[in-house]
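Visitor:
Residue numbers (this note's numbering): 108 to 784.
1) How should residue 735 be labelled, buried or exposed, when 16 other C-beta atoms within 10 angstroms of its C-beta is the threshold for buried?
2) Hey, residue 366 and residue 156: beta-carbon distance below 7 Å or not?
3) Report the three-state DSSP secondary structure of residue 173 (helix, strand or coil).
4) Using 8 Å for Cβ pairs, my map puts residue 426 next to residue 370. What's the rounded Cβ distance?
5) Can you give me the C-alpha to C-alpha distance between residue 201 and residue 353, rounded to a whole angstrom?
6) Using the C-alpha atoms, what's the distance from residue 428 back to residue 669?
7) Please work out which residues of its chain come closer than 6 Å, Cβ to Cβ, to residue 382, disregarding the five sequence neighbours upstream and downstream, and give them in chain order.
8) Mapping the DSSP letters down to three states, classify residue 349 as helix, strand or coil.
9) From residue 111 to residue 311, what distance separates their C-alpha atoms?
10) Taking 7 Å as the threshold (C-beta atoms), are residue 213 and residue 248 in contact?
11) Per the DSSP calculation, residue 660 is bridged to which residue(s)?
12) Excluding five sequence neighbours on each side, which residues of the same chain lie with their C-beta closer than 6 Å to the C-beta of residue 239?
13) Going by DSSP in three states, residue 651 sits in which element: helix, strand or coil?
14) Along the chain, where does the alpha helix (DSSP H) that runs through residue 250 open and close?
15) According to DSSP, simplified to helix, strand and coil, what is residue 202?
16) Rounding to the nearest angstrom, what Cα-Cα distance links residue 674 and residue 609 in this structure?
17) Can you tell me whether DSSP reads residue 640 as helix, strand or coil?
18) Mapping DSSP to helix, strand and coil, what is residue 449?
19) By Cβ distance below 7 Å, which residues in the same chain neighbour residue 144 in space, the five residues on each side in sequence not counted?
20) Taking the alpha helix (DSSP H) that residue 325 belongs to, which residues open and close that run?
21) By how many angstroms is the C-alpha of residue 128 removed from the C-alpha of residue 320?
22) Under a three-way DSSP split, which group does residue 366 fall into?
23) With a 10 Å radius around its C-beta and 16 neighbouring C-beta atoms as the bar for buried, classify residue 236 as buried or exposed.
24) When the Cβ atoms of the region 300-316 are set against those of the region 328-344, are three or more pairs found closer than 8 Å?
25) Assess contact between the region 438-455 and the region 339-357, defined as three or more Cβ pairs (one per stretch) separated by less than 8 Å. Is contact present?
26) Could you check if residue 641 belongs to the surroundings of the ligand MN, using beta carbon to heavy atom distance under 6 Å?
27) Taking only runs of the alpha helix (DSSP H) that begin and end inside the region 368-454, which ones reach a length of at least 4 residues, in chain order?
28) Determine, using beta-carbon pairs with one atom in the region 148-164 and one in the region 282-301, whether at least three such pairs fall under 8 Å.
29) Buried or exposed: which applies to residue 386, given that a residue is buried once 16 or more other Cβ atoms fall within 10 Å of its Cβ?
30) Under three-state DSSP, which class holds residue 315?
31) Among 182, 400, 628, 141, whose alpha-carbon lies nearest the alpha-carbon of residue 436?
32) Threshold first: 3 residues or longer. Then list the beta strand (DSSP E) segments lying entirely within the region 274-306, N to C.
33) In chain order, what residues of the same chain have a beta carbon less than 6 Å from the beta carbon of residue 597, not counting five sequence neighbours either side?
34) I'd like to check one pair, residue 120 with residue 191: are the Cβ atoms closer than 7 Å?
35) Whose C-beta lies closer than 6 Å to the C-beta of residue 318 among residues of the same chain, with five residues either side of it excluded?
36) Please return the same chain residues whose Cβ sits closer than 6 Å to the Cβ of residue 172, not counting the five positions on each side in sequence.
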């Protein structure tokens, strides 16, 4: 017994012992119960799946003294002769068609077939590798297969049923065998190892199943080889990987972690270990592709192990779950495609190491490609906060945020500034009010170029006169701070920094765009009056230029709008803390406490185009300026938008509209209006 191969010692003797072929064994057993056995059968399928074994079991069932029966007794002479190690029966003839497939062999078989069985119920011919029979041989057998005597049965076994001529196939019952599922095969191998009383590491069985590729006989041969070389501690994982040529899981974990972190040094170090360790680069790439396949399934189906989609031990499954979450589906898909393409290119390559290094380089550099997969990979990395390059791209526009042409009107401002005593001129010249404090306007310019028009432009004609006198005395103070670093790179004492803070400041224009789409009032507050001070423990600190702006943000429901925008743009749920930071420059002009009423002026120095949209009800005739006292002062926040929205509860409904301000402040006559969509 010990000299026999493992697959011969555990060859099934009944249909109940055949694993993974219930779709074949169950109908055959039912046909035996019903005594409706056909005269010819064709068993097809991959090698080592039980075709010949099932043919022998069927012969035992037919010739058993208690048969035909689905369960042979195992005690009669026929059952003993056809047992696992029996001598064989003279009435059950096995023919290897690879060496006996000619027309002469078929004629000899046909002449002997008409003689009755010697000691059994049926005379059964098992023709293995039937696809090797020549067309002439099949034609010679056609008549006896089509109309055999009552005592004759044929069982053809083949791996290529399409090579059996159609006239023979049409006269048989065809049963296709399949590869055995990995889970079923792994359990069967575990039972065999228990019977052999040799300890086997749990991580070895998946390797044996993979090496067998669904074939029971091949898997048993691999297992027999491992059991033969087992030491005192049994079959270990290291022994199995070295003997079978598979890549150690530690190398696969290391290279996948390097891909997830974008660490080129670690990835190329793994390549060096593979080559120096004597591993086959092509085998390593094949195993890496298998690992990426498992990670893709885990990313799409978190409970894939419970559903049987992947077959790995529990500790390996935990590591793979972390790797799938670290890379993301898009990056995993791109890496798998690149590895698969590289595996094809490695066929016949003169330098496998070079091909392996090129594969790693392509996976590590998604920014070097412009295809859709590379774009999705970069988006995945941005969402997870993984840097794509050492220097962030948004850093370049920040030094250009304070436009250089803006200080040019300084001589004009200082020329208009000397008469501060006259109340009408300063109020009617809003550009000087906005220009003296360039530090308050220029630093908060990290938003994209589409928003530079409003912060850089002075108070437009007809807008609230928010900067009439108060900013003029303070003009010398902020002027030296103009060349200072932009607020995105300033550091406050006691304010937390780090990756979260840098990430928020880089993505702040995107956050403002999301806020603008939700609520225009909140966007005006943040873009003109606030700056990011820092991020600490899930708390985003914002600095406002004035207490009024801070109170409008806190009490007007703008905090919830900003939190929603942060969730959409950055995928975080942070708490927002608003503080007063007049020295940091929030991005808008300081708001004076109480501007003085001013008289209208004939025309501004830089009037807006006549086609500027004005949101106001269409009157039938231009209304005259209302008599009486001047309107009340402006609201506490410097709002430059003339278009009120329904979701701005803090706007003063009693204030003058843009139409009335144009008529009152400029003395203009409106010829035509354009509705702003």
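Positions of the beta carbon are idealized from the N, C-alpha and C atoms, including for glycine. If you're wondering where the values come from, they're calculated on a predicted model, not measured in any experiment.
Guide: On the basis of the data shown:
1) The predicted model places residue 735 with a pLDDT of 46, which falls under 50 and marks its position as unreliable; any figure quoted below should be read in that light. Residue 735 comes out exposed.
2) no
3) coil
4) 17 Å between Cβ atoms; not a contact.
5) 38 Å
6) 33 Å
7) 460
8) helix
9) 23 Å
10) yes
11) None, per the DSSP bridge assignment.
12) 204, 205, 208
13) strand
14) 242-253
15) strand
16) 17 Å
17) strand
18) helix
19) 138, 169, 175
20) 323-335
21) 16 Å
22) helix
23) buried
24) yes
25) no
26) Although the ligand MN was asked about, the structure shown includes no ligands whatsoever.
27) 371-383, 388-407, 421-434, 436-452
28) yes
29) buried
30) helix
31) 400
32) 280-283
33) Any reading at residue 597 must be qualified, since the residue scores a pLDDT of 36, below 50, and its modelled position is unreliable; the value itself is stated next. If we look at residue 597 and ignore the five residues flanking it on each side, it has no Cβ neighbours.
34) yes
35) 329, 351
36) 183
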